[in-house]
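The listed protein sequences derive, respectively, from chains W and F. The opening position of the first sequence corresponds to residue 1 in full-length UniProt numbering, with each subsequent residue numbered one higher. The opening position of the second sequence corresponds to residue 1 in full-length UniProt numbering, with each subsequent residue numbered one higher. Contents: one structure, followed by commentary.
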Amino acid sequence: MEFGGRRVRRNRRVEVEMSYPSSLQFYSTPPSGNVSLMEFDEMAVERLKILRTIERLNLSGQIKNSEEWVNKLYDDFSKNKYFIVKTEKISDDKRDEVEAARRQDHISHFIMRLVYCRTEELRRWFISNETDLFRARFQHIAKSKPEQITKFMAQNNLNFTPITNEELNSERENLIKGTHYIAGGDMLEGRTFFKVLFTEALELVKSRKVFLKGGFAYVPDTDLVTLVATSFRAHLSQALAFTNRALPQLDDDERLFKLLQDFDKRYTGNDYSEKKKGQHHVITPDMIDHIATKSFPPCMRQLNDVLRTTHHLKHGGRLTYGLFLKAAGLSLEDALHFWRSHFTKNMELDKFERQYAYGVRYNYGKEGKRTDYTPYSCLKIIMMSIGPGDAHGCPFKHCDTPVLKQRLMAYGIPTQALSEIMDLVSKSHYQIACQRYWEATHNATLETGINHPNQFFEESQKYISGTVPPSQGKATQHLVKGTRAVVYSSQSSHYSSGTSTQSTEDNTQAFSNTKRTELDASDAFDDDDDSALLASYVDTPES
Amino acid sequence: MPCSTSFDSDALNELLPIYYNRLFPYKQYYNWLNYGGVPKTYFSYREFSFNLADDIYLRYQSFKDQEEMEREIKKHKPHKIDIGAVFNFRPKDHRSVSVFTPMEKELVFDIDMTDYDEVRTCCSGADICSKCWKFMTVAIKILDAALREDFGYQHLLWVYSGRRGVHCWVCDAKARSLSQSSRSAVAEYLQLIRGGDSVAKKVNLQQKLHPSIERALYIAKSYFENLMLVDQEILSTPDQWKKVLALIPDPTLRESLENVMPQCVNSQQRWNTIELGITKATSKGEYKKGFSPHLVAEIILQLVYPRLDINVTKGLNHLLKSPFCIHPKTGCVCVCFDPLKADEFDPMNVPNLSHLMEEISQYDANTKEVNSGVPEYEKTSMKTSVAVFEAFLKGLNKENAGRRRDESDQKRDF
């Protein structure tokens, strides 16, 4: 088995004793040697579970990268006896065990690369969670065995030079004001600052957490981990693009191919990127206004309202709404017709055909990169940056409270539900608020939670057409399981026999990406950029 | 002649050929985009796109040298020229390669007056006047300072977009090679105003003012009174002051201020009252909770801080209107200007096509000698703008020469 497209002669048994001097790895060289299919699968599953743990924790409202966050992760790691813990032991009698754990770390990472290099969405998910894992481990080791960090940095040529005392004194004022974690002048004592190119500390730059001068960022030692993690992320991002390019070589091994393919299906689920077989939703332009009031989530209803009244949407809105409608079952011809009928109330037909029809066809993968684009999930919509004049975004997050309240009242939400929703919003539980909205408008309970506008829509359509009464959670279970963001599917099945209150609590836990949304919105943008970056690496199929 | 008046499209078709034949500064233009020929393919791998008459749109144009560019521009007489990225291959042959991807581009910024509609009272939409143009002046000052001081860029080309906005092209080699995520980070760093139409308060500052924001605030404050209170009279009607007061999160303070507003005589007085009210409230202990210590600053910034279209900055592959092309709706030249003299730049006084033609014939009538060797633009009001462009190129050429030296040094090493 070879990784990263590097050819090793297959018959020769390469049983090299790999040596892993550090428990942290940059994974720059692929592993060699033999692994049984069984082991292959097991390793992959364990790593996936670890990444899931991270994703779940991030969604639970825990402040990312905080000490508590690291501790919680490690509690989970040791409870489940994941290999991560073992890699950090350094006692001589257990040398073999440590070595084996580090090898598993190495190999499983590369297996996951194979699984998660296929699409942009998968890559983004993988990079984000692997980087978090790396950060957590880095922070954990930095606390318990700082000497290992020094060693690791030296091994991987990660050299950051501290600024001189002179510079520290001359920039004193600016460093105090510009550095996020420093509260007062006395906090500056005994601190080291590293002066790096701002491109090496993007995460800190974009949220204005460090002082910037002449293209250099002044990063305090407490943020060293960010520098290293940025480098890790960039490495991984590039490596995944290469893996993806080399992947076709693997297709001739049917066993692996099946395994990887299967993996993908088993654990990532429905992103509404393609129509499922037997999906009979078809909507036509004349139905839209009617079903918008009945079945659209507030974010899409808002877009439809704006479009209906102003006959225009800005770029972000056109993209969000266009993709949503596509997945809801609007055909390309109908979509063109729909957008044309609105836009031409403001402009010449000619202008529409020239400037906007392209965008509609683009959404359907008929122009430009020719990718059949995936409709945006709740998480993405919540994290989007909204500028003046924009109508897209999650109303629960992006609307001022009075505006939201007024709108919900206009939608006919009963007072009781309204105050519940407003309460959830004030605690930043946007998705649960949306779930409550669904329940209030349908007069039924929804156990699956809301994590995708199209899911909201489908649940609603199903309920209205009477195929599945959502109050009987079992029947909708497959949908939950299918949806990526719902790691909680495993959890909710625990509760499915319980009362609905319980399951709401469960959801509260799972969906409260609350603080994270607030504090780490910048992180989420990161993922966006990665995908853009990746897109530029990955070959674009020529038309 | 003001640029906001509409320009006859017949006149455009008639005058464009003359402009491209006699006035367009090809030499300097090529000199800019060639970047000293490091690497050699830099110019020929650059995408240009043309908008022609009758709305024909040509993408993926590229030229091997100045001569070919000049010929093609003169042949097509584009109504609009856009500049795209430098690709890994000649854009005009992009169909013949399997991997065609953008590699580099200037870091660009786009500020559009339409994004100021919620804070300006004089005009709306595509219209501008000398009153609201000051918003642009503030934006230019703030952005220019941040790009130079924080990011260390030196070669900034500021261009009037021909109607209602400005573009900034950051041309340093380091800026051109920025990755997509770096561009995003720069854009996010510079963006302060966040939130759509359903959010009232769009600027929220942290406890501690970052040096970059402090500087922006200093610039913003120096223009605030003149721009917002005297020119825009942002607080002259109840609707207007309600909009500003809506930015105060505390209802008690908001209401008490709203009650005294009618007693004041003008915007200045009302603003002073608001400012005083907020300062008093923030210094009092009981307001501390949930009350930003920088509320006044936040309001000022929301009103005058640059409103960037950050998607333009983020995208490596985003096309942007070229300097020195003609805005098809106004007939105005997209001239470059000196950011240090941003205060003096007057969009109402930008040369437009018919104006230029008059100037040439006037000059020729006054000078007896034919074919004096004077470049035609020297005869017109485009002169100053070309001079700015040349000064910019002078700085850029120094950088180019340095890079050329490095490149040849490297070659010798191997």
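Where a beta carbon is used, it is the ideal one built from N, C-alpha and C, also for glycine.
For residue i, would you say it is in contact with chain W, using Cβ-to-Cβ distances shorter than 8 Å as the test?
i: Y20/F; result: no
i: P249/F; result: no
i: H210/F; result: yes
i: E47/F; result: no
i: D55/F; result: yes
i: I299/F; result: no
i: A365/F; result: no
i: C185/F; result: One point to set straight first is that residue 185/F is Ala, not Cys, in the sequence displayed. Closer than 8 Å to some Cβ of chain W, the Cβ of A185/F qualifies, so yes.
i: G196/F; result: yes
i: S267/F; result: no
i: L178/F; result: yes
i: L319/F; result: no
i: A145/F; result: no
Mapping DSSP to helix, strand and coil, what is residue i?
i: C117/W; result: coil
i: L192/F; result: coil
i: E333/W; result: helix
i: G365/W; result: coil
i: residue 469/F; result: This structure cannot settle anything about residue 469/F, because the visible part of chain F is limited to 1 through 414.
i: H167/F; result: strand
i: K321/F; result: strand
i: L209/F; result: coil
i: V403/W; result: helix
i: N397/F; result: helix
i: K109/F; result: This sequence places Phe at residue 109/F; Lys is not what is there. Three-state result, F109/F: strand.
i: C334/F; result: coil
i: S408/F; result: helix
i: residue 549/W; result: Not covered by the structure: residue 549/W. The range shown for chain W is 1 to 543.
i: I291/W; result: helix
My understanding is that residue i touches residue j, with C-beta atoms under 8 Å, so please give their C-beta distance in whole angstroms.
i: L260/W; j: V115/W; result: 5 Å
i: E118/F; j: P388/W; result: 6 Å
i: P146/W; j: R191/W; result: Incorrect: roughly 16 Å between the Cβ atoms, too far for contact.
Quick check on the DSSP output: the alpha helix (DSSP H) that includes residue i runs from which residue to which?
i: D127/F; result: Premise fails: D127/F is in no alpha helix (DSSP H) and is neither H nor E.
i: P220/W; result: Note, P220/W: premise wrong, no alpha helix (DSSP H); beta strand (DSSP E) at 216–220.
i: I464/W; result: 453–465
i: Y363/F; result: 353–366
i: E275/F; result: 267–283
i: L147/F; result: 133–149
i: V205/W; result: 202–206
i: K79/W; result: 67–79
8 Å is my cut-off, CB to CB: does residue i come that close to chain F?
i: H398/W; result: yes
i: I386/W; result: yes
i: D305/W; result: no
i: K177/W; result: yes
i: A391/W; result: yes
i: R340/W; result: no
i: N174/W; result: yes
i: V360/W; result: no
i: R308/W; result: no
i: R354/W; result: yes
i: D423/W; result: no
If you follow the beta strand (DSSP E) that residue i is part of, which residue opens it and which one closes it?
i: E47/F; result: 46–52
i: G84/F; result: 80–87
i: K213/W; result: 211–213
i: V425/W; result: V425/W -> not in any beta strand (DSSP E); alpha helix (DSSP H) instead, spanning 415–426.
i: E104/F; result: 102–104
i: R254/F; result: Per DSSP, R254/F belongs to no beta strand (DSSP E); it is in the alpha helix (DSSP H), 251–260.
i: G59/F; result: Note on residue identity: the sequence assigns Arg, not Gly, to residue 59/F. 56–61 is the span of the beta strand (DSSP E), which, as asked, contains R59/F.
i: F193/W; result: 193–197
Check: What residues from the stretch 150–163 of chain F come within 9 Å of chain W, judged by C-beta to C-beta, listed N to C?
Finding: The residues in question are D150, F151, G152, Y153.
Note to self: Output needed in chain order: residues of the stretch 194–205 of chain W with a Cβ under 7 Å from some Cβ in chain F.
What the structure shows: Flagged, chain order: F198, T199, L202, V205.
ask   = What residues in the stretch 207–237 of chain W bring their beta carbon closer than 8 Å to a beta carbon of chain F?
value = Of all residues in the stretch 207–237 of chain W, S207, R208, F211, L212, K213, G214, G215, F216 have a Cβ within less than 8 Å of some Cβ in chain F.
- In chain order, what residues of the stretch 66–78 of chain W put their CB closer than 8 Å to some CB of chain F? Residues: none.
Using a Cβ cut-off of 8 Å, which residues of the stretch 100–118 of chain W contact any Cβ in chain F, in chain order?
For the stretch 100–118 of chain W, which is checked against every Cβ of chain F, not one residue is closer than 8 Å.
Give the residues from the stretch 108–129 of chain F that approach chain W closer than 7 Å (Cβ to any Cβ), ordered along the chain.
Here the close residues are D115, E118.
Residues from the stretch 398–419 of chain W in contact with chain F, defined by Cβ distance under 7 Å: Taking 7 Å as the Cβ-Cβ cut-off against chain F, the residues of the stretch 398–419 of chain W that qualify are H398, C399, D400, V403.
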